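Report on the following structure.
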Amino acid sequence: MFIRNFMERSMIDRRRFLIGSALGAGTVAVSAGIWPARAAGTYLLASSIRSLSNAFHAAWNKGAEAFASSVGEGYSALVTEGNSEKGIADIKALLAKAGDKAILGVDPNDSPDARPIVEAVSAAKSHVVTVWNKPSDLHPWDFGDNYVAHFSFNGIPAGEQTAKSLFDTFGGEGGIVALGGIASNTPAIERKAGLMKAIEATGGKVKLLDFQDADWDSTKATNIVGAWITRFGSDIKGIWAANDSMAVGALEALRAEGLAGKVLVTGIDGTKDAVQAIRNKEMAATVDWDPIWIGGIALSLGYQAATGKFVPSKEPQEHREFYGTGVMITQSDVEDYWKTHVEATPAIDWNDLWGRVTGQIKYS
Amino acid sequence: MTVTRLRLASVMPLLVLAGLCVAISIAEPRFLSIDNLIRIAAASAAPLVLALGATFVILMGSIDLSVEGSMAFASAILAACVANANGAGLDLGLAALPLVIAAAALFGALIGVIHTYLRVPSFMASLGMGFVGLGIATIMLGGERVGIVDESIRALALTRILNLPISIYVATFMLALAWVIQNHTRIGRRMLALGGAEQLVVASGVNVRHVRILVFAIAGAFFGVGAVLASARLGASSALVGSGQLFTAISAVVVGGTALTGGSGGVLATLLGVLIVMVLNNGMVILGLPTFVQQGVLGIMIIIAVLLNQPIRGLAVAK
Chain A
0 MFIRNFMERS MIDRRRFLIG SALGAGTVAV SAGIWPARAA GTYLLASSIR SLSNAFHAAW
60 NKGAEAFASS VGEGYSALVT EGNSEKGIAD IKALLAKAGD KAILGVDPND SPDARPIVEA
120 VSAAKSHVVT VWNKPSDLHP WDFGDNYVAH FSFNGIPAGE QTAKSLFDTF GGEGGIVALG
180 GIASNTPAIE RKAGLMKAIE ATGGKVKLLD FQDADWDSTK ATNIVGAWIT RFGSDIKGIW
240 AANDSMAVGA LEALRAEGLA GKVLVTGIDG TKDAVQAIRN KEMAATVDWD PIWIGGIALS
300 LGYQAATGKF VPSKEPQEHR EFYGTGVMIT QSDVEDYWKT HVEATPAIDW NDLWGRVTGQ
360 IKYS
Chain B
0 MTVTRLRLAS VMPLLVLAGL CVAISIAEPR FLSIDNLIRI AAASAAPLVL ALGATFVILM
60 GSIDLSVEGS MAFASAILAA CVANANGAGL DLGLAALPLV IAAAALFGAL IGVIHTYLRV
120 PSFMASLGMG FVGLGIATIM LGGERVGIVD ESIRALALTR ILNLPISIYV ATFMLALAWV
180 IQNHTRIGRR MLALGGAEQL VVASGVNVRH VRILVFAIAG AFFGVGAVLA SARLGASSAL
240 VGSGQLFTAI SAVVVGGTAL TGGSGGVLAT LLGVLIVMVL NNGMVILGLP TFVQQGVLGI
300 MIIIAVLLNQ PIRGLAVAK
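Listed in order, the protein sequences are those of chains A and B. Just so you know, we're using numbering that gives the first Met the number 0 here: the first sequence kicks off at 0 and counts up by one. Just so you know, we're using numbering that gives the first Met the number 0 here: the second sequence kicks off at 0 and counts up by one.
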């Protein structure tokens with residue numbers, strides 16, 4: 000039936016990854032919010048993520064699943080739906096079931112959530128790795144070996160690099176407008192700081208006409224850009240967005256005015272539609288965080304700590320609280336990227352735990 | 000006294016809209032440029048159709064919180080039925096639209112059935128089904144944004160007739176249709192009667208359950224059309240296509256003057272409500288207000304609108 004065919008294509012079409020057999024087992028369970036553990040091994044692996052409806056966390060889940068099946072362990076995805084209480088409660092329920100055999104990769108819904116999560120995991124003597132959000136005074140080394148690591152991605156260079164490549168598209172002199180994420184989110188703050196740094200570096204040649212928070216949302220971005228076109232007209236030489244969803248929304252507003260490809264847009268995150276827009280010469284750049292790697296490596300860190308491959312407390316601090324690597328994609332290298340990352344599936348070595356470390360996280 | 004306040008309340012949204020337009024255009028004359036008015040109209044098309052659907056349900060005294068989920072569901076069906084970026088599915092072009100709308104109407108009818116036959120309060124039934132819709136869309140789309148490449152669907156947002164995007168004509172047609180349903184059909188009258196005085200409707204021998212199910216189905220069909228317009232504008236289908244639309248739709252209905260208790264207000268009030276919200280959104284960006292001020296203004300507007308509606312609500316309860 001065509002719907003089934005379409006669904007399979009949607010799953011398979013996902014960037015860089017093929018999990019043919021997961022479809023049947025997964026479909027019924029997703030709506031319930033929790034995937035039943037399959038093929039029980041010794042450990043129970045789990046990711047706690049916002050939802051499976053956005054490309055980023057969907058890819059994260061795929062990577063986590065791939066790692067779990069590579070070591071033959073059971074895996075489940077816990078979905079917070081943006082609700083901190085639910086996120087913490089689901090993790091506690093999982094710990095109650097798995098005891099000290101749980102291995103968790105967690106994207107805490109909000110920074111303060113990391114503390115109760117880490118404390119619960121430590122009390123159960125299980126292992127956890129957090130990604131993106133945690134309070135700045137909460138450190139893995141304060142919890143012995145159970146809080147294995149925390150990693151994040153530095154939004155400042157990402158915001159700065161995409162801004163610079165945007166400026167290059169109009170000769171480095173003129174006005175731009177910028178779309179920010181949810182104002183209190185750490186990535187939104189960092190990426191904006193990077194943009195500001197890049198603007199400052201031009202010594203007044205590039206002017207920020209206006210900055211609005213579109214809350215990571217495409218539709219909001221489209222409407223705001225429409226109003227900007229009224230307000231600034233042809234003074235807008237480029238549009239910077241703090242993520243790809245907003246960049247694509249901005250692009251559609253430009254398209255409706257016949258400006259797509261004339262005024263370029265940049266985003267961050269490396270989603271497939273943004274990469275396609277770069278190929279179409281409508282976007283200038285994006286940064287790929289590789290969510291498949293994030294999902295898998297978070298569990299790999301926890302798994303290798305649990306199985307004694309390494310002892311977290313004997314590792315240096317930059318192996319326990321670190322920035323990963325983002326890869327910038329621009330019009331000049333997008334075709335190579337497309338061939339190696341979209342049409343083909345780059346193999347990820349899950350044993351290379353520290354290969355992408357780019358320094359210890361600094362808290363100001 | 001009550002009568003004067005009542006009249007004042009019903010023309011209030013119109014005064015607010017006019018006042019907003021005057022105030023914004025004094026501060027920034029370009030607000031009234033033809034191009035900008037077209038932009039506001041284009042941005043209002045999908046929210047208007049969604050709010051019209053929500054209006055019907057609110058008029059009969061229920062509420063439909065499934066807007067985002069119903070849109071996600073319809074949007075996923077749309078992607079499966081037209082030429083899309085993942086290359087699978089049917090390639091029906093515009094023939095997909097009746098399918099999508101029928102599927103969305105069935106989805107709405109199902110909410111109605113759960114609400115009436117299983118006696119689940121409408122806000123819970125629709126909220127639950129909204130999550131089901133999101134879930135189905137997430138599975139069908141694999142969590143991705145699937146690009147819609149079908150030219151005839153994209154044309155809804157990109158092709159212009161007499162300088163107006165086709166989506167504006169579609170929204171205008173849906174407004175006329177909603178007006179006819181409300182004022183010149185049996186279901187329209189029963190829907191209003193249900194919101195005003197349910198016991199009377201029951202006493203007159205009408206099958207209230209069927210009315211409710213039909214109204215939820217009509218609302219679902221409107222959400223389907225709204226989803227098509229939103230997807231055409233974004234050029235993609237995504238489970239998140241409706242994010243934020245529930246708040247916009249319900250607040251537009253309330254700002255327009257339709258009482259949440261049902262029985263009073265209507266589709267033309269909703270048109271005003273949608274325009275007020277969209278003019279505010281556009282105008283505040285044009286004026287260069289910071290984001291946090293914009294959200295505050297919008298929140299205050301909604302509270303004022305509800306306050307202005309209070310005499311009507313009091314009357315309804317007194318009846």
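Beta carbons: idealized from backbone N, C-alpha and C, even for Gly. None of the values given here were measured: they were computed from a predicted structure.
Proximal chain A residues relative to residue i, where beta-carbon distance stays under 8 angstroms
i: methionine 139 (chain B); result: Ile2, Phe5, Met6, Ser9
First and last residue of the uninterrupted beta strand (DSSP E) at residue i
i: glutamine 211 (chain A); result: 205-212
i: serine 47 (chain A); result: 43-48
i: isoleucine 328 (chain A); result: 326-329
i: leucine 258 (chain A); result: Where leucine 258 (chain A) is concerned, there is no enclosing beta strand (DSSP E), given that its DSSP letter is neither H nor E.
i: alanine 202 (chain B); result: Where alanine 202 (chain B) is concerned, there is no enclosing beta strand (DSSP E), although the alpha helix (DSSP H) it sits in stretches over 197-202.
i: leucine 178 (chain A); result: 173-179
i: lysine 236 (chain A); result: 235-240
i: leucine 77 (chain A); result: 73-78
Chain-ordered neighbours of residue i on chain B, where CB pairs are closer than 8 angstroms
i: tryptophan 353 (chain A); result: Going along chain B, no residue has its Cβ under 8 angstroms from tryptophan 353 (chain A), so there is no contact; the nearest lies around 29 angstroms.
i: aspartate 268 (chain A); result: Neighbours of aspartate 268 (chain A) on chain B: none; closest Cβ ~12 angstroms, over 8 angstroms.
i: arginine 230 (chain A); result: Glu27, Arg29, Val284, Ile285, Gly287
i: threonine 368 (chain A); result: Residue 368 (chain A) lies beyond the range of chain A shown here (0 to 363); nothing can be said about it.
i: glutamate 251 (chain A); result: Ala156, Arg232, Leu233, Gly234
i: alanine 182 (chain A); result: Thr290, Phe291
i: glycine 248 (chain A); result: Leu233
Whether residue i touches residue j by CB criterion (8 angstroms)
i: arginine 144 (chain B); j: serine 237 (chain B); result: yes
i: glycine 142 (chain B); j: leucine 51 (chain A); result: yes
i: glycine 261 (chain B); j: glycine 195 (chain B); result: yes
i: valine 333 (chain A); j: threonine 161 (chain A); result: no
i: leucine 178 (chain A); j: isoleucine 223 (chain A); result: yes
i: alanine 113 (chain A); j: histidine 318 (chain A); result: no
i: glycine 170 (chain A); j: alanine 192 (chain A); result: no
Exposed unless 16 or more other CB atoms sit within 10 angstroms - verdict on residue i
i: leucine 163 (chain B); result: exposed
i: serine 20 (chain A); result: Note that serine 20 (chain A) scores a pLDDT of 29, beneath 50, so its modelled location is shaky; the value from the coordinates is reported in the next line. Looking at its Cβ environment, which holds fewer than 16 other Cβ atoms inside 10 Å, serine 20 (chain A) is exposed.
i: asparagine 310 (chain A); result: This sequence places valine at residue 310 (chain A); asparagine is not what is there. Exposed.
i: alanine 31 (chain A); result: In this predicted model, alanine 31 (chain A) has a pLDDT of only 39, less than 50, meaning its place in the structure is not dependable enough to derive any value.
i: leucine 51 (chain B); result: buried
i: proline 97 (chain B); result: exposed
i: threonine 158 (chain B); result: exposed
i: leucine 161 (chain B); result: exposed
i: lysine 163 (chain A); result: buried
i: valine 176 (chain A); result: buried
i: phenylalanine 215 (chain B); result: buried
i: aspartate 400 (chain A); result: Chain A is shown only over 0 to 363; residue 400 (chain A) falls outside these bounds and no answer can be derived.
i: glycine 366 (chain A); result: Residue numbering for chain A in the displayed model covers 0 to 363; residue 366 (chain A) lies beyond these limits and cannot be assessed.
i: glycine 23 (chain A); result: Annotation note: pLDDT 33 at glycine 23 (chain A) (below 50); position unreliable, coordinate value reported separately. The residue in question, glycine 23 (chain A), is exposed, as its Cβ has fewer than 16 Cβ neighbours within 10 Å.
Limits of the alpha helix (DSSP H) - the one that residue i falls within
i: isoleucine 223 (chain A); result: 217-231
i: aspartate 272 (chain A); result: 271-278
i: isoleucine 249 (chain B); result: 244-255
i: threonine 290 (chain B); result: 290-307
i: histidine 114 (chain B); result: 95-116
i: histidine 183 (chain B); result: 165-183
i: aspartate 34 (chain B); result: 33-58
i: histidine 318 (chain A); result: Careful: histidine 318 (chain A) lies outside any alpha helix (DSSP H) and carries neither H nor E.
Listed by chain order, chain A residues near residue i by CB distance under 9 angstroms
i: proline 164 (chain B); result: Ala255
i: alanine 229 (chain B); result: Thr218
Chain B contact residues for residue i, given Cβ-Cβ distances below 9 angstroms
i: tryptophan 227 (chain A); result: Val284, Ile285
i: lysine 271 (chain A); result: Ala84, Glu143, Arg144, Gly146
Interface partners of residue i on chain B, CB under 7 angstroms
i: glutamate 320 (chain A); result: The premise fails here: glutamate 320 (chain A) is roughly 29 angstroms from chain B at the closest Cβ pair, so nothing lies under 7 angstroms.
i: serine 52 (chain A); result: Leu133, Thr137, Gly142, Ala238, Leu239
i: glutamine 211 (chain A); result: Val284, Thr290
i: alanine 284 (chain A); result: Correct list: empty, because the minimum Cβ distance to chain B is about 19 angstroms.
Under 7 angstroms by beta carbon: chain A residues contacting residue i
i: aspartate 34 (chain B); result: Thr229
i: glycine 127 (chain B); result: Within chain A, no residue comes near glycine 127 (chain B); the closest Cβ sits about 11 angstroms away, beyond 7 angstroms.
i: glycine 243 (chain B); result: Asp216, Thr218, Lys219
i: alanine 102 (chain B); result: Those do not exist, as alanine 102 (chain B) stays about 11 angstroms from chain A at its closest Cβ, beyond 7 angstroms.
Stretch-stretch touch, CB-based, cutoff 8 angstroms, three pairs: the stretch 177-184 of chain B with the stretch 30-45 of chain B | No, they do not touch.
So, do the stretch 256-274 of chain A and the stretch 196-210 of chain A have three or more beta carbon pairs nearer to each other than 8 angstroms?
-> no
Any contact of the stretch 42-60 of chain B with the stretch 248-264 of chain B, i.e. 3+ C-beta pairs under 8 angstroms?
-> yes
Decide yes or no for the touch test of the stretch 85-100 of chain B against the stretch 239-256 of chain B: beta carbon pairs closer than 8 angstroms, at least 3 of them.
-> no
Contact the stretch 281-301 of chain A vs the stretch 229-247 of chain A: 3+ CB pairs below 8 angstroms | yes
Contact between the stretch 93-103 of chain A and the stretch 118-136 of chain A (3+ Cβ pairs under 8 angstroms) = yes
Can you find at least 3 beta carbon pairs, one from the stretch 207-226 of chain B and one from the stretch 284-303 of chain B, that sit closer than 8 angstroms?
-> no
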